[in-house]
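Number 17 in numbering that gives the first Met the number 0 belongs to position 18 of the sequence shown; there are no gaps in the numbering. Yeah, the Cβ is synthetic: ideal placement off N, Cα and C, and Gly gets one too. What follows is a set of notes on a single structure, which appears directly below.
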Amino acid sequence: MTPRRPTIIPMSSTFPVPFVRIGLTGGIGAGKSTVAAVWREAGVRVIDLDAHSRAVLDVPGEGVEEAVACFGEQFRTARGTIDRAALARLVFADAAARADLERIVLTRVDRAVAAEEDAARAAGERVLVHDSPLLLEKDHEPDYDRVVAVLARREDRIERVIRDRGKDRGYVESIMAAQVTDLERIRRADHLVLNTAGPEVVRARALHVLDVIREAFGPVADSI
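Below you can see the structure in the form of structure tokens.
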């Protein structure tokens with residue numbers, strides 16, 4: 000695995016400062032959120048794309064209305080939100096339905112993330128992490144100066160989601176089948192964090208990767 004050369008995202012007239020964007024990704028249950036939390040504690044600004052994605056369907060509004068128009072009133076809950084578990088069962092078994100949902104959600108996520116990133120740049124941030132579960136699935140590597148993938152054993156991932164999220168094995172495996180494989184993550188990421196040990200070991204590995212990226216970008220990454 001050969002890391003890409005540092006390619007600092009070009010300066011704009013609005014924000015005339017060098018800016019480093021890191022993409023953090025990993026499959027369901029791999030521990031990506033754990034790494035994101037470690038980096039936040041280390042002072043890194045992390046934008047959670049999954050949280051923005053959930054908000055599209057969990058908050059009554061135009062996203063919910065478009066989803067209902069596309070998939071049916073049966074997916075609307077009594078609270079006026081979308082039954083995401085029921086919709087997930089549909090879209091992970093139907094590629095066309097999944098594409099429709101991604102269009103509804105990702106368009107709005109892109110707008111929300113752009114606004115948050117603009118606010119970070121305006122506040123003088125020099126380094127920003129996108130916590131992005133679909134980074135590789137959507138071929139977004141060119142959007143980032145570094146891509147970091149979190150890996151864990153398949154059975155550990157399944158057991159973690161069942162235990163922590165109350166999902167069944169079939170649900171977890173259906174999502175895994177729709178995501179890229181770990182071999183693809185190894186091939187396409189610049190750096191790997193192995194979530195195969197206890198919390199302190201994983202924390203040390205996450206901070207080590209952060210140090211490696213900081214050294215690669217030098218003064219630009221001083222805010223990490």
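Is the beta carbon of residue i sitting closer than 8 Å to the one on residue j?
i      : j      : result
VAL63  : ASP130 : no
GLY30  : ALA151 : yes
GLU65  : ILE103 : yes
LEU206 : ALA41  : yes
LEU134 : VAL146 : yes
VAL228 : VAL160 : Residue 228 lies beyond the range of the chain shown here (0 to 223); nothing can be said about it.
MET175 : GLY26  : yes
Taking the C-alpha atoms as reference points, what is the distance between residue i and residue j?
i      : j      : result
VAL108 : ALA196 : 33 Å
ASP155 : ARG97  : 26 Å
GLU61  : GLU199 : 42 Å
ALA113 : THR24  : 18 Å
GLY79  : SER32  : 28 Å
PHE216 : LEU89  : 43 Å
ASP57  : LEU191 : 32 Å
LEU209 : TRP38  : 8 Å
VAL179 : TYR143 : 18 Å
SER173 : ASP138 : 21 Å
THR13  : ALA111 : Interpretation of THR13 is limited by its pLDDT of 42, a score under 50 that renders its predicted location unreliable; the figure taken from the coordinates is listed afterwards. For THR13 and ALA111, the distance between alpha carbons rounds to 18 Å.
What is the DSSP secondary structure of residue i, reduced to helix, strand or coil?
i      : result
PHE70  : helix
ALA148 : strand
ASP130 : strand
ARG83  : helix
ARG75  : strand
GLY28  : coil
VAL171 : helix
HIS51  : helix
LEU135 : coil
Please classify residue i as buried or exposed, where buried requires at least 16 neighbouring CB atoms within 10 angstroms.
i      : result
VAL55  : buried
VAL201 : buried
ILE21  : buried
PRO141 : exposed
PHE91  : buried
GLY28  : buried
ASP189 : buried
ALA203 : exposed
LEU48  : buried
First and last residue of the beta strand (DSSP E) that includes residue i?
i      : result
HIS190 : 190-193
ALA94  : Not the beta strand (DSSP E): ALA94 falls in the alpha helix (DSSP H), residues 94-121.
THR24  : 19-25
ASP47  : 44-47
Starting from residue i, follow the alpha helix (DSSP H) in both directions and report where the run begins and ends.
i      : result
ASP210 : 198-216
ARG162 : 153-164
LYS31  : 31-40
ASP181 : 181-187
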